[in-house]
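**Student:** Pasting a structure here, questions to come.
Protein chains: 2
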Amino acid sequence: MSAARGTLYLVPMPLGSGDLHACLPQDALATVARLTRFIAEDARTARRVLTKLPLDTPIRDVEFGELNEHTRPADLAGLLTPLLAGTDVGLVSEAGCPVIADPGAAVVALAHEHGIRVAPLIGPSAVLLALMGSGLSGQAFRFHGYLPVDPQARRQRIVAIEQDSARSDCTHLFIETPYRNDQMLGSLLECCQPSTRLSVCVDLTLPTEAIVTRAIVDWRNSPRPDLDRRPAVFVLAAPRPTGPARRTRR
Amino acid sequence: MSAARGTLYLVPMPLGSGDLHACLPQDALATVARLTRFIAEDARTARRVLTKLPLDTPIRDVEFGELNEHTRPADLAGLLTPLLAGTDVGLVSEAGCPVIADPGAAVVALAHEHGIRVAPLIGPSAVLLALMGSGLSGQAFRFHGYLPVDPQARRQRIVAIEQDSARSDCTHLFIETPYRNDQMLGSLLECCQPSTRLSVCVDLTLPTEAIVTRAIVDWRNSPRPDLDRRPAVFVLAAPRPTGPARRTRR
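Residue numbers (numbering that gives the first Met the number 0), protein chains in the order written: chain A, 0 to 249; chain B, 0 to 249.
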């Protein structure tokens with residue numbers, strides 16, 4: 000790594016309407032305040048969040064590069080030009096941590112190839128907060144992103160997930176587009192075994208945050224929470240056929 | 000949920016010698032400062048970290064319950080007694096996030112069963128920071144905790160992990176006890192395909208933080224970093240036989 004190169008900081012952003020001040024530790028906020036250049040999925044959204052910080056540089060002078068589905072592989076290198084010239088850059092997500100269920104890995108990978116230092120900052124991740132809050136085991140876990148939309152393919156995937164969870168003592172997590180949350184919950188209650196535990200975590204870090212963990216049999220017998228259009232993470236763990244066992248060895 | 004009950008806050012702790020002030024957002028620090036009771040794996044360590052915060056209650060009056068491998072299932076309920084009586088409690092980890100590769104899930108699960116509100120706080124997680132910093136895909140990932148110690152079993156597991164990564168476009172993460180890091184790296188370089196990408200992330204959030212991502216072939220041809228006795232996360236992704244593909248559907 001060359002001392003003349005900038006550092007690529009990975010900057011988590013608030014979940015939903017959360018405030019950046021409430022989301023990042025003081026040191027991370029101070030790092031972000033010093034930056035003059037960012038890479039964002041959507042420059043306008045990023046500007047709106049960052050404008051609330053007391054940045055050292057007036058926001059109108061802060062520069063933004065965009066990395067999203069319209070970015071061609073050939074344009075990736077251009078995003079790194081300021082870093083190669085010695086300027087620190089912040090890669091921000093739309094919500095939560097860059098890279099985690101978010102684009103951004105490509106530019107981080109390219110930074111490594113160029114020997115640019117990469118520094119991830121501490122901040123909110125819906126996936127991680129859901130796993131912590133669920134009460135399901137965090138000794139081993141798998142995050143799937145989105146499951147298939149097609150009902151038949153989705154049911155098959157849910158059954159495969161449940162079987163893997165029982166076999167390998169692994170907790171599984173996945174997300175859904177908020178307007179399909181109710182359908183997802185319906186599929187889970189239809190397909191899963193009664194003793195499988197399911198946690199539904201909505202509006203994490205927001206004042207309306209709710210984390211509900213129950214066995215499928217209890218979900219079936221309880222009124223369903225209102226999930227419509229609320230960002231949700233689903234967390235699932237099936238009991239091992241032979242009873243619980245500690246996976247950890249030290 | 001009853002309004003008379005306390006809230007169980009899940010409090011991440013610094014990684015290694017890090018400072019709690021540098022690790023938690025202001026709001027989380029303010030929440031922790033108000034607490035008078037904690038559940039910790041080791042009360043002495045937790046007290047040492049918390050004593051640096053300006054807690055509202057003198058640290059000698061703060062009460063600690065312990066949750067570790069000596070805790071019998073019958074004692075778990077006792078840890079919830081203050082919550083049932085209306086006192087907020089903080090569940091702290093030894094390092095990083097409670098529940099994630101850490102005990103604590105049992106008490107969170109019991110809290111849900113008693114209708115106690117569970118509130119995970121934002122803070123550092125070595126697993127998440129490693130995944131962000133690695134530059135490997137975070138669209139889908141699996142965390143294994145520790146791999147087997149036995150060399151033959153470990154090799155088999157590494158091969159299985161690599162095959163799963165190639166098949167399902169899933170990034171895999173695992174940890175090792177710090178004095179065995181070099182052996183782990185040795186096993187990975189021995190077993191994996193040349194094009195598989197491996198990131199080794201040590202001392203995350205500390206001044207000595209280092210994140211190195213290379214293809215196995217390049218790892219084999221480069222001097223190895225010093226990993227001995229440094230907390231490390233290993234991140235591995237094998238290329239799909241048919242080339243990269245976006246897993247995400249929106």
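Cβ coordinates follow ideal geometry from the N, Cα and C atoms, glycine included.
What residues are listed by DSSP as bridge partners for Thr6/A?
**Tutor:** On the first sequence, residue 6/A is found 7 positions in, with the first residue counted as 1. DSSP output for Thr6/A lists Arg116/A as bridge partner(s).
**Student:** Indicate whether Leu251/A and Val88/A have their beta-carbon atoms separated by less than 8 Å.
**Tutor:** Nothing about residue 251/A can be reported from this structure: the residues present for chain A run from 0 to 249 only.
**Student:** Given that a residue counts as buried once 16 or more other Cβ atoms are within 10 Å of its Cβ, and exposed if not, what is Ser133/B?
**Tutor:** Here residue 133/B corresponds to residue number 134 of the second sequence, with the count starting at 1. Flag for Ser133/B reads buried.
**Student:** By Cβ distance below 7 Å, which residues in the same chain neighbour Pro102/B in space, the five residues on each side in sequence not counted?
**Tutor:** Position 103 of the second sequence, counted from the first residue, corresponds to residue 102/B. Take Pro102/B, set aside five residues on each side of it, and the residues of its chain with a beta-carbon closer than 7 Å to its own are Glu40, Leu66 and Asn67, in chain order.
**Student:** Could you give the first and the last residue of the continuous alpha helix (DSSP H) run that contains Ala29/B?
**Tutor:** As a first step, residue 29/B must be located in the second sequence, where it is residue number 30. Where Ala29/B is concerned, the enclosing alpha helix (DSSP H) stretches over Gln25 to Arg33.
**Student:** What does Ser136/A reach in chain B if we use C-beta pairs closer than 7 Å?
**Tutor:** In the first sequence, residue 136/A corresponds to position 137, counting from 1. In chain order: Ala104.
**Student:** With Val158/B as the anchor, note down where its alpha helix (DSSP H) starts and where it stops.
**Tutor:** For the purposes of this step, residue 158/B is taken as the residue at position 159 of the second sequence. Start and end: Pro150 to Ser167.
**Student:** Taking 8 Å as the CB-CB cut-off, is Cys22/A touching chain D?
**Tutor:** In summary, chain D is missing from the structure at hand, where the protein chains are A and B.
**Student:** In or out: Gly242/A buried (at least 16 other Cβ within 10 Å) or exposed?
**Tutor:** In the first sequence, residue 242/A corresponds to position 243, counting from 1. Confidence at Gly242/A is low in this model, with a pLDDT of 47, below 50, so its placement is unreliable and the value that follows should be read with caution. By the 10 Å Cβ count, Gly242/A comes out exposed.
**Student:** Applying the 10 Å Cβ sphere with the 16-neighbour rule, what's the burial state of Ile160/A?
**Tutor:** Indexing the first sequence from 1 puts residue 160/A at position 161. By the neighbour-count rule (16 or more Cβ atoms within 10 Å), Ile160/A is buried.
**Student:** Have a look at the DSSP bridge pairing and note the partners of Arg141/B.
**Tutor:** The residue you call residue 141/B lines up with position 142 of the second sequence. Looking at the DSSP assignment, Arg141/B forms a beta bridge with Arg141/A and His171/B.
**Student:** Could you list which residues in chain B have their beta carbon closer than 7 Å to that of Leu130/A, in chain order?
**Tutor:** Residue mapping note: residue 130/A aligns to position 131 of the first sequence, counting from 1. Neighbours of Leu130/A on chain B, chain order: Val98 and Ile99.
**Student:** Please identify, using Cβ separations under 8 Å, the residues of the region 14 to 45 of chain A that lie next to chain B, in order along the chain.
**Tutor:** Within the region 14 to 45 of chain A, the qualifying residues are His20, Ala21, Cys22, Leu23, Pro24, Gln25 and Asp26.
**Student:** Closest Cβ-Cβ distance between Arg141/A and chain B: below 8 Å?
**Tutor:** Translated into the one-based positions of the first sequence, residue 141/A becomes position 142. Output row for Arg141/A: interface = yes.
**Student:** Using a threshold of 8 Å, state whether the C-beta atoms of Ile121/B and Ala27/B are closer than that.
**Tutor:** Start at 1 with the first residue of the second sequence, and residue 121/B comes out as number 122. Start at 1 with the first residue of the second sequence, and residue 27/B comes out as number 28. It is a contact, given that the beta carbons lie within the stated cut-off.
**Student:** Counting only C-beta atoms, is His69/A closer than 8 Å to chain B at any point?
**Tutor:** As a first step, residue 69/A is located in the first sequence; it is residue number 70 there, counting from the start. By this cut-off, His69/A is not an interface position.
**Student:** Give the DSSP-derived three-state secondary structure of Leu254/B in the structure shown.
**Tutor:** Past the edges of chain B, shown from 0 to 249, lies residue 254/B, and the structure says nothing about it.
**Student:** By the three-class DSSP mapping on this structure, what secondary structure does Ile272/B have?
**Tutor:** Residue 272/B lies beyond the stretch modelled for chain B, which goes from 0 to 249, so this question has no answer here.
**Student:** Look at the Cβ atom of Val48/B, then the Cβ atom of Leu54/B, and state whether they are nearer than 8 Å.
**Tutor:** For the purposes of this step, residue 48/B is taken as residue 49 along the second sequence, with counting starting at 1. For the purposes of this step, residue 54/B is taken as residue 55 along the second sequence, with counting starting at 1. For Val48/B and Leu54/B, no; Cβs fall outside 8 Å.
**Student:** Using 10 angstroms around the beta-carbon of Arg245/B, count the other beta-carbons present and answer buried if the total reaches 16, otherwise exposed.
**Tutor:** In the second sequence, the residue the question calls residue 245/B occupies position 246. The predicted position of Arg245/B is uncertain, since its pLDDT is 47 and thus under 50; no value can be drawn from it.
**Student:** Please report how far the alpha carbon of Thr170/A lies from the alpha carbon of Ala104/B, in whole angstroms.
**Tutor:** To locate residue 170/A, count along the first sequence from 1; it is residue 171. To locate residue 104/B, count along the second sequence from 1; it is residue 105. Going by the C-alpha atoms only, they are around 12 Å apart.
**Student:** For Arg240/A and Leu197/A, what's the separation of their Cα atoms in angstroms?
**Tutor:** The residue you call residue 240/A lines up with position 241 of the first sequence. The residue you call residue 197/A lines up with position 198 of the first sequence. This sequence places Pro at residue 240/A; Arg is not what is there. Roughly 17 Å separates the two Cα atoms.
**Student:** Can you confirm whether the region 206 to 220 of chain B touches the region 107 to 122 of chain A when touching is taken to mean that 3 or more C-beta pairs between the two stretches lie within less than 8 Å?
**Tutor:** yes
**Student:** Run through chain A and tell me which residues come within less than 7 Å of Ala125/B, C-beta to C-beta.
**Tutor:** Within the second sequence, numbered from 1, the residue matching residue 125/B stands at position 126. What Ala125/B touches in chain A: nothing, since even the nearest Cβ is about 10 Å away.
**Student:** DSSP three-state call for Glu65/B: helix, strand or coil?
**Tutor:** As a position in the second sequence, residue 65/B is number 66, starting the count at 1. Three-state result, Glu65/B: strand.
**Student:** Along the chain, which unbroken stretches of the beta strand (DSSP E) at least 3 residues long are found entirely within the region 66 to 102 of chain A?
**Tutor:** 88 to 91
**Student:** Assign Val106/B to one of two classes, buried (16 or more other C-beta atoms within 10 Å of its C-beta) or exposed (fewer than that).
**Tutor:** Numbered from its first residue, the second sequence carries residue 106/B at position 107. Answer is buried; the Cβ neighbour count reaches 16.
**Student:** Once the 5 residues before and after Pro193/B are set aside, which same chain residues still bring their CB inside 6 Å of it?
**Tutor:** Looking up residue 193/B in the second sequence gives position 194. Here the set comprises Ile215 and Val216.
**Student:** For chain B, find out if any of its Cβ atoms is closer than 8 Å to the Cβ of His113/A; answer yes or no.
**Tutor:** If you number the first sequence from 1, residue 113/A lands on position 114. So, not an interface residue.
**Student:** In angstroms with no decimal places, state the Cα-to-Cα distance between His111/B and Pro11/B.
**Tutor:** To locate residue 111/B, count along the second sequence from 1; it is residue 112. To locate residue 11/B, count along the second sequence from 1; it is residue 12. Going by the C-alpha atoms only, they are around 19 Å apart.
**Student:** Leaving out the 5 sequence neighbours to the left and right, which residues in its chain are closer than 8 Å to Phe37/B when beta-carbon positions are compared?
**Tutor:** On the second sequence, residue 37/B is found 38 positions in, with the first residue counted as 1. Excluding positions up to five away in sequence, the list reads Val10, Ala45, Leu49, Val61, Glu62, Phe63, Gly64, Val88, Gly89, Leu90 and Val91.
**Student:** Would Ala125/A and Val232/A qualify as a contact pair, given that the criterion is a beta-carbon distance under 8 Å?
**Tutor:** The residue you call residue 125/A lines up with position 126 of the first sequence. The residue you call residue 232/A lines up with position 233 of the first sequence. It is a contact, given that the beta carbons lie within the stated cut-off.
**Student:** How about Arg249/B: is its C-beta nearer than 8 Å to some C-beta of chain A?
**Tutor:** By one-based count along the second sequence, residue 249/B stands at place 250. Only weak support exists for where Arg249/B lies, its pLDDT of 37 falling under 50; the coordinates are left without a value.
**Student:** Thinking C-beta only, is Cys190/A closer than 8 Å to Arg154/A?
**Tutor:** As a working mapping, residue 154/A is identified with position 155 in the first sequence. As a working mapping, residue 190/A is identified with position 191 in the first sequence. Contact: yes.
**Student:** State the beta-bridge partners of Leu197/A as determined by DSSP.
**Tutor:** Locating residue 197/A in the first sequence gives position 198, counting from the first residue. Per DSSP, Arg213/A and Leu235/A.
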